[in-house]
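Q:
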Amino acid sequence: MVPLSIAKGVFFVLVTSILLLLALRAVPSREGGAQLAWLGNLANGMRSERWTNWLAYPAVLALVAGALALRQFLMGPELGAHPMLILFMLPIILGACMGGIGPGLLATVLSVLAVDLMVEPHLHAAQTPWHSKVQLLFLALNGLAVSLLCEMLRQALERVALHRALLDAVVSSTSDAVFVKDVQGRYLLVNQAALAFVGKTSGEVIGKDDRDVFDEETARELIIQDRLIMQSGRVQTHEEHLALQNGERMVFLVTKGPVYNHEGLLGGLFGISRDITRQKQAENQLRDSEAMLQQAQQLAGIGSWSWDLVDDRQSWSPEAYRLFGLTEKSGPPGYPAMRRYFDADGWAQLSEAVERCKLVGMGYECDVELLRADGESRWLTMRAKPGGTRREPSSACTAPCRTSPSASGWRCRSKPANPACNWWRKPPATVSGIGICAAARCTALPLLRGDRHPARR
């Protein structure tokens with residue numbers, strides 16, 4: 019009987035220690051499933067602020083007293099020599115779970131003292147069998163081990179709670195949709211932004227897959243994409259066009275990647291989605307506007323251009339290339355290279371206007387003869403306006419400064435209507451302008467017919 023009692027004590031200590039070690043590693047998530055709800059409730063109770071130190075110690079006293087009363091009720095006075103140590107493990111475990119190492123050690127000490135004093139002869143007495151002393155020693159060691167393990171578990175739960183709070187703060191405060199799925203495609207985590215996009219509650223999404231959130235075709239595409247990403251093992255960023263169950267179509271810029279557990283095994287998929295529906299609509303409208311502008315320039319024979327004076331970069335519209343007889347592949351020619359496309363008089367007038375615009379920020383308009391790259395000669399109306407660093411006149415200055423060709427170049431024909439108006443000009447950062455094929459002007463002049471200069475025929 020003595021070896022059997024010792025074996026039972028050792029087995030109880032080992033089993034209790036193993037279970038507590040497993041509890042340290044098996045801290046569940048809030049949505050870990052109904053089968054782990056009891057462990058989640060235990061973890062929440064252990065780190066609950068209700069069990070403060072002053073409340074845990076009276077609870078330990080009551081539990082030890084209850085264990086003593088239960089022993090007396092079960093054993094009776096005639097069986098007082100049997101310690102029934104197993105009964106005192108309950109107050110030790112509960113005390114350690116409620117308050118950590120302090121209440122756990124208190125429950126251990128009280129249990130050892132109570133059993134020692136209640137048993138006749140006392141367990142510390144010399145005539146007490148050695149196996150009874152070993153049992154009492156194992157009770158003390160078991161209580162110490164349980165108290166230490168529970169304290170470690172409490173600290174681990176506090177760290178998990180801190181990390182969860184930080185994660186919740188980041189995930190809940192972002193306007194992007196954040197979600198996590200398991201390997202079967204079921205949602206494990208969804209933030210409020212994602213729920214707002216799909217118009218569902220957390221209970222309607224958690225534990226469900228895409229077929230319960232989106233229409234059948236969209237869900238099928240998402241499931242295939244998620245499987246490919248998990249198989250690739252790489253984080254990918256792409257656009258997703260989703261059709262919600264209410265019929266609304268949205269575009270998201272999505273970053274997805276696999277999630278691995280602590281053993282390095284695939285555990286699921288994470289995703290961060292940003293709604294770019296309005297951005298895509300704006301891009302489509304911009305493309306339509308650019309297409310309409312190019313068509314309007316082609317119909318009107320107007321080519322636009324822009325010149326960044328700081329970086330010396332030019333950009334031309336497609337119609338500007340056509341007016342000069344160039345291709346877009348060649349790129350816009352530099353300012354000095356523009357000279358070969360004009361005759362001497364036209365270049366002198368145009369270059370003087372350009373230099374004045376660069377120096378003092380004054381716009382210009384002039385008619386010049388263009389010598390196209392294919393040999394044709396045309397007349398163009400060149401207009402330009404400076405931009406960037408320039409102080410505009412006040413609203414009282416209503417009369418514009420008009421320029422007209424003359425023998426000495428370009429001069430200002432009129433002045434501001436308000437003599438008190440000061441025109442403070444600084445060198446501009448950019449110059450933008452247009453070139454207009456002067457076909458109407460050509461038909462009005464006796465020496466010109468159409469777009470071609472008679473001298474070049």
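Each residue of the sequence shown is one higher than the one before, starting from 19 at the first, in the working numbering.
We treat Cβ as the ideally placed atom computed from N, Cα and C, and that holds for glycine.
Fair warning: this is a prediction, and the values are worked out from it, not measured in the lab.
(1) Please go through the same chain and pick out, in chain order, the residues whose beta-carbon is closer than 6 Å to the beta-carbon of N209, but skip the five residues on each side of it.
(2) Go ahead and pull the three-state DSSP assignment for P351.
(3) Quick check on the burial criterion: 16 or more other C-beta atoms within 10 angstroms. Buried or exposed for P354?
(4) Under the three-state reduction of DSSP, which class applies to Y359: helix, strand or coil?
(5) In the DSSP assignment, the beta strand (DSSP E) including M248 goes from what residue to what residue?
(6) From V216 to L185, what does the alpha carbon distance come to, in whole angstroms?
(7) Please say whether A125 and V78 have beta carbons closer to each other than 8 Å?
(8) Does the stretch 269 to 276 come close enough to the stretch 284 to 295 to have 3 or more Cβ pairs within less than 8 Å?
(9) So, with DSSP's three-state summary, where would you put S190?
(10) Does the beta-carbon of R172 have 16 or more other beta-carbons within 10 angstroms, so that it is buried, or is it exposed?
(11) As a quick exercise: from L105, A74 and W72, pick the residue whose alpha carbon is nearest that of A87.
(12) Suppose contacts are defined by Cβ-Cβ distances below 8 Å. Is R11 in contact with H259 by that definition?
(13) If we ignore side chains and look at the alpha-carbon of each, how far apart do M248 and R305 end up?
(14) Taking a contact to mean a Cβ-Cβ separation below 8 Å, would you say R401 touches L388 in this structure?
(15) May I ask you to report which of helix, strand or coil DSSP gives R390?
(16) If you reduce the DSSP assignment to three classes, tell me which class L207 lands in.
(17) Any idea what DSSP makes of Q332, helix, strand or coil?
(18) As a quick exercise: from G117, Q332, Q153 and I110, pick the residue whose alpha carbon is nearest that of M102.
(19) Run the CB neighbour count on L398, radius 10 Å, all protein chains shown included, and call it buried at 16 or more, exposed below.
(20) Could you check what DSSP says for R327 in three-state terms: helix, strand or coil?
(21) The beta strand (DSSP E) that contains L398, what's its start and end?
A: Judging by the given coordinates:
(1) V189, S190 and V196.
(2) coil
(3) exposed
(4) helix
(5) Element bounds for M248: not the beta strand (DSSP E) but the alpha helix (DSSP H), E234 to S250.
(6) 22 Å
(7) Going by beta carbons, V78 and A125 fall inside the 8 Å limit.
(8) yes
(9) helix
(10) That one is buried.
(11) L105
(12) Residue coverage of the chain in this structure runs from 19 to 475, which leaves residue 11 outside it and unanswerable.
(13) 36 Å
(14) Not in contact: R401 and L388 (Cβ atoms no closer than 8 Å).
(15) coil
(16) In the structure shown, the three-state DSSP call for L207 is strand.
(17) strand
(18) Q153
(19) Counting other Cβ atoms within 10 Å of its Cβ, L398 reaches 16 or more and is therefore classed as buried.
(20) Looking at the sequence shown, residue 327 is not Arg but Leu. In this structure, L327 counts as coil in the three-state DSSP scheme.
(21) From DSSP, the beta strand (DSSP E) with L398 extends over S395 to G405.
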